[in-house]
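Each remark here refers to the structure printed beneath this line.
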Amino acid sequence: MPVTNWGRKPNGAEMVQYDAPMFFSFTEHSLLHQYPNMRAECHWHIDFEFTHIIRGHMWYFVNGESIRLEEGQGIFVNSRQLHYGFTEDGTDCEFSCTLLNPSCMCMPNMVYERFVAPLMADERLPYMVCDPEDEHGSALLECMMRLHDAKFGQMPAAQTMHLATVDNMKLKDDTASLTVLSCFYTMVRELTAIAGEHGKNGSSKYDRKNPKIAILSKMIDYVQHNYVRQITLEEIASAGSVGRTKCAQIFHEMVDQTPIEFVNDVRMRAGAEMLDTTSMPVSDIAKKLGFSSSTFFTRTFKQYMHTTPTAYRRNMLK
1 MPVTNWGRKP NGAEMVQYDA PMFFSFTEHS LLHQYPNMRA ECHWHIDFEF
51 THIIRGHMWY FVNGESIRLE EGQGIFVNSR QLHYGFTEDG TDCEFSCTLL
101 NPSCMCMPNM VYERFVAPLM ADERLPYMVC DPEDEHGSAL LECMMRLHDA
151 KFGQMPAAQT MHLATVDNMK LKDDTASLTV LSCFYTMVRE LTAIAGEHGK
201 NGSSKYDRKN PKIAILSKMI DYVQHNYVRQ ITLEEIASAG SVGRTKCAQI
251 FHEMVDQTPI EFVNDVRMRA GAEMLDTTSM PVSDIAKKLG FSSSTFFTRT
301 FKQYMHTTPT AYRRNMLK
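In full-length UniProt numbering, the protein residues as written are 1 to 318.
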């Protein structure tokens, strides 16, 4: 759940700017307060996602289910699952997050077809909580820490929350790419073993196939492709082939927002990204996001971000 808004592919998937294009990996070291309202945007991508809680705790939403993650734990989110991280109690959290594209890891087709593709398609494993007391969980957490170190170096021992920074978005050196590849294979091995155990048991506590997820995905994709213009509740509902009441119910149940609140949330995150990465005047940003006036944009931005666009930009420059 990267802080940066990379945009969307035509199919609605999040676009990822990888640290190591040859191996299609991305690792981020973040604090939850960096996200608007301490909450990532609901999204999906083809990549496997691995998040390790370094200090504090946070919640993860995956396909309509909220999971609390404690310090030292981690989570694996499978390919193409709707998810985001957030807080329920307003406390901050320090964590690392790694995205690994399972289709582009320089592996033989035989390996992909035998191990990786079945894992990506396993509906019994939309996510897995990784606990250090569990054999498979411990192995996955160790790989998460190795992936973090391959980009940022050793974790600081300080007890206060710390944000790792680098001058660019690349791995430490060329050999670090081999660490990424090694960890990917190890993680696939552990996850394959977990999936096999679930198969033997005949069921999985992570089996949460929900028809509302497909509907929500279509509506979210529609919003993320059209938020730069005025969008009505009827249009959002139509994208999911449901009525307005059902549309509102699904958003409330799954995202804890109304459909229009979600639209404005997406717009404000895009606006925050433009304020941070461009020198574009606030009035121009407002127009790009489909607002009729900069005054309306400023009022909405303050409602969602708890600060004005000008103050937000000034704070990001510090």
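Beta carbons are placed, not taken as given, at the ideal position from N, Cα and C, and that holds for glycine. Model, not experiment: these values are computed from the prediction.
Check: Rounded to whole angstroms, what's the CA-CA distance from N226 to G74? Just pull it up for me.; Outcome: 34 angstroms
Check: Cα-Cα, which of V180, Q257, G240 and V255 is closest to F24?; Outcome: V180
Check: Answer with buried or exposed for E240, where buried requires no fewer than 16 other C-beta atoms within 10 angstroms of its C-beta.; Outcome: First, the residue type needs correcting, since residue 240 is Gly and not Glu in the sequence shown. Its Cβ being crowded by 16 or more others within 10 Å, G240 is buried.
Check: Looking at the secondary structure, which residues open and close the beta strand (DSSP E) in which Y84 lies?; Outcome: H83 to F86
Check: On the three-state DSSP scale, how would you describe D167?; Outcome: Only weak support exists for where D167 lies, its pLDDT of 40 falling under 50; the value from the coordinates is given anyway. D167 falls in the coil class under three-state DSSP.
Check: Which residues does DSSP pair with G271 in a beta bridge?; Outcome: Beta-bridge pairing links G271 to no other residue.
Check: Determine which residues share a DSSP beta bridge with V48 and list them.; Outcome: The question names Val, but residue 48 is Phe in the sequence shown. DSSP output for F48 lists L100 as bridge partner(s).
Check: In whole angstroms, what separates the C-alpha of R269 from that of R299?; Outcome: 14 angstroms
Check: Which of the three DSSP states, helix, strand or coil, is assigned to Q159?; Outcome: Confidence at Q159 is low in this model, with a pLDDT of 49, below 50, so the placement of that residue should be treated as unreliable; the coordinate-derived value is given next. Here Q159 sits in coil by DSSP.
Check: Counting Cβ pairs, one atom from each stretch, are 3 or more of them under 8 angstroms apart for the segment 81-101 and the segment 50-62?; Outcome: yes
Check: Taking the straight line between their C-alpha atoms, what separation do you get for T258 and L191?; Outcome: 36 angstroms
Check: If we ignore side chains and look at the alpha-carbon of each, how far apart do F301 and F262 end up?; Outcome: 13 angstroms
Check: What's the gap between the Cα of E28 and the Cα of F76?; Outcome: 15 angstroms
Check: Give me the residue from E142, R124 and Y312 with the minimum Cα distance to E197.; Outcome: R124
Check: Just grab the DSSP bridge partners of G56 for me.; Outcome: C93
Check: Assuming R244 is part of the alpha helix (DSSP H), what are its boundary residues?; Outcome: R244 to V255
Check: Does the Cβ-Cβ distance between L140 and D92 come in under 8 angstroms?; Outcome: no
Check: My output table needs one value for V228: the three-state DSSP class, helix, strand or coil.; Outcome: coil
Check: Taking only three categories from DSSP, how would you classify S204?; Outcome: At S204 the pLDDT is 49, less than 50, meaning the model places this residue with poor confidence and gives no usable figure here.
Check: Where Y185 and Y127 are concerned, what is the direct C-alpha to C-alpha distance, given to the nearest angstrom?; Outcome: 18 angstroms
Check: Can you give me the start and stop residues for the alpha helix (DSSP H) that E234 sits inside?; Outcome: L233 to A239
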